[in-house]
Every structure is written in structure tokens, then in C-alpha cells.
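Under our numbering, read the sequence shown as residues 10 to 303, first letter to last. Think of the CB as a built atom: it goes at the ideal place given N, C-alpha and C, for glycine as much as any other residue.
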Amino acid sequence: MNGKTKLAVNFQNKSIFNISSIFSLGFILALFLFFSLACSSHLQEAKLYFSQGQEHLQRYQTSESRISFQKAKEAAQAGIKKQSLAQLYVIKGLAEVQLEEWPEAEKSFSLAYSLGFEKGEEWAAEAALYGLAQSLEEFGLTTLALESYSHLLSRSKFKPVTILAAGRYVQIKLAQILSLPPQERSKNLELLLEQIRKLLKQDYHLGYYHYLSSQILSHRGRYQESFEEGVMARELGLPSSEIFRDNDRQLIFCYRQLKKELPPSEWNNFSVLYHRLTNQWGWRDEETPSWMKR
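Right, dumping it as C-alpha cells:
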């Protein structure tokens, strides 16, 4: 009797233990699935907002793009609170690059690297160096800033940083070169042009490099080549409405200069091409883009 009672108790206890174990395991699996789905949802949301930000940039909608990139960052942060994933840190870092939050981007890429994203370490270092170069420039340490931009220009494999560094480098170098005597100016402009042409060989499809090339060629007095590079820049797309408009002003400047310089037969050919392009772009006349007030 005692043995039977003991056996029954043991059986009942074992049954209770098994049921509670199954319940705990099921609960854990459900919880894990919930968090996985939540992370997946936040990741998709972050990707969507980041993609929208890029689309706004392509339409030169700067304020709208910043809002989308901020939302992408916030969605990634929400996902990270549920589960630390390399993808979430990468999206967060890329959004911070677009928002020019360099210390935060460095941290995000470093954390992505620690979770298995191989490029994270390199991206973190380059984001940090670009942020430092900006700070040096703000403090008036132009030479050190220029060296940092030059390093990124030639060594960076993180394209967003390379593009930004190229812009700052050309702007600083042009200011320095234009203060030189004419002979030195010409030589240094050619050297600067060669540096940008190296970037064009790597990424010919990037309108911004054509824009920079157009600016340098204009200072060399090579207005037809400058105009052609400006057309390429416009057709391929530029990173902001400000640069887009500056490129249009450059096209108009080249038009005016060539009108003075070209022989009549060459001018007639160029004029036909120019009018065809400006009509295609929807300009009001030869010197009035659609965005420009009359």
C-alpha cells in the first residue's frame, strides 16, 4: 500500500514536472519568436525609412531626407533594445553618416563589427577621421584637416566618406590655389584635376565627381570641358539641391564665356546643343532654370 502510494505520488510529481517544463519551453520559444519578429519588424522599418531618405535625396528634398534618416535611426535603436544585431547597427550608422553625427556613427559601426560585420571596423575608423577633419577645419587647423581629407580621398573604401572628403578637399585646395601666382596656379589646378579624375575612373557614374571636375576646369579656363562635365553631373544626379543649383549656375557661366570666345561656326553648333539641353531640362530661357526666380 505504501509502495503503491509512493509510486503514485512519484508519477504525479513527474507528470507535473514534465508539464511545467513543456510550458516553460513553449513560453521561452514564444518569447524568442516575439522578440525575433519585433527585431525583424524594426529592421525592415529602419531599412524602409533609410530607402525613403535616399529617394528624397535623389529628388533634392533635403529636409524630408533628414526626417527619414532620423526615423531610420530611431527604428534601428528600437530594434537594438530588443536584440543587438549587426544589421541594425549598420543601418543606424549609415543613417548617422547622413545626419553627420560622426561620433555616433563610429560607435555604431564598431558595435556592428563586434557582432560580425567585417567592414564595421574600417567604416568606424573612417567616420572618426572625417569627423576629426571637420573639427580641425572648424578650429582653423586647415593643414591638418587637408591632410586628413587627402588620406580619405586616396585610401577610404567607405564611399559616403570618400565623397564628402573629396568635396571638402577640393574646396580648401581651390581657395589655396587661387591665391597663388598665375604660373603656379595653373600647375596646381592640373594636379588637383588629376586627383579627381582618379576618383572618376573608379566611380564614373557619380555626378558629384563630375561637378568637382567642372569647377576645376572652369578655373583653368577650359569652359567647353567644364560645361560638358557640368552636363554629366546634372544628368547623373547630385547630392543636394544647393549643389544642383550651383552646377546650373556653372553651366550658365560657361555658356556666357563660350559665347564670347568661340568662333561663329563653333558657337552656332554649341548654341544648338545648349538650347536642346535647356529645353529638355525645362528652363525658361538660356539663363533661367525652372528653380530660378525671374
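DSSP state of residue i mapped onto helix, strand, coil
| i | result |
| --- | --- |
| D212 | coil |
Spatial neighbours of residue i in its chain, beta-carbon cut-off 8 Å, leaving aside the 5 residues before and after
| i | result |
| --- | --- |
| E244 | G216 |
| R206 | S222 |
| L260 | F236, G239, V240 and R243 |
| H9 | Since the first and last residues shown for the chain are 10 and 303, residue 9 lies out of range. |
| K196 | none |
Burial state of residue i (16 or more Cβ within 10 Å)
| i | result |
| --- | --- |
| H284 | exposed |
| T287 | buried |
| D257 | buried |
| T152 | exposed |
| L282 | exposed |
| W300 | exposed |
| R293 | exposed |
| G291 | exposed |
| L189 | exposed |
| A39 | For A39, the predicted model reports a pLDDT of 47, less than 50, meaning its position is unreliable; a value from the coordinates is still stated below. It is exposed - the Cβ of A39 has fewer than 16 other Cβ atoms within 10 Å. |
| S60 | exposed |
| S45 | Only weak support is given to the placement of S45: the predicted model assigns it a pLDDT of 48, under 50, and the value that follows is read from those uncertain coordinates. Its Cβ having fewer than 16 others within 10 Å, S45 is exposed. |
| F148 | exposed |
| Q211 | exposed |
| P191 | exposed |
| E110 | buried |
| P112 | exposed |
Contacting residues, own chain, Cβ-Cβ under 6 Å from residue i (five flanking each side not counted)
| i | result |
| --- | --- |
| F41 | For F41, the predicted model reports a pLDDT of 44, less than 50, meaning its position is unreliable; a value from the coordinates is still stated below. Taken in chain order, the list of residues that qualify is empty. |
| A133 | E115, F118 and S119 |
| S227 | S235 |
| K101 | K82, A85 and S117 |
| K269 | none |
| G230 | none |
| R177 | Y158 |
| C263 | Y232, S235 and F236 |
| W276 | none |
| E146 | A154 |
Cβ-based neighbour list, residue i, same chain, cut-off 7 Å, excluding 5 preceding and 5 following
| i | result |
| --- | --- |
| S93 | L124 |
| A84 | H51, E54, A55 and Y58 |
| Q233 | L267 |
| L103 | F59 |
Whether residue i touches residue j by CB criterion (8 Å)
| i | j | result |
| --- | --- | --- |
| A136 | A154 | no |
| F78 | G88 | no |
| A81 | A121 | no |
| E130 | K166 | no |
| V170 | Y139 | yes |
| I186 | L201 | yes |
| A242 | H219 | yes |
| L208 | A174 | no |
| Y69 | F279 | no |
| L271 | Q204 | no |
| T71 | S249 | yes |
| V106 | F126 | no |
| L247 | I225 | no |
| L108 | R75 | yes |
Proximity test, residue i beta-carbon vs the ligand FMN heavy atom, cut-off 7 Å
| i | result |
| --- | --- |
| I100 | Absent from the structure shown: the ligand FMN. Ligands present: none. |
Only counting runs of 3 or more residues, tell me where the beta strand (DSSP E) segments fall wholly within the stretch 147-187, in order along the chain.
If we require 3 residues or more, the stretch 147-187 turns out to have no beta strand (DSSP E) run fully inside it.
May I have a chain-ordered list of the alpha helix (DSSP H) segments no shorter than 4 residues that lie completely inside the stretch 230-271?
Scanning the stretch 230-271 from its first residue to its last, the whole alpha helix (DSSP H) runs of 4-plus residues come out as 232-245 and 250-270.
What alpha helix (DSSP H) runs, 4 residues minimum, are completely inside the stretch 85-130?
Fully enclosed alpha helix (DSSP H) runs of 4 or longer: 95-107 and 111-123.
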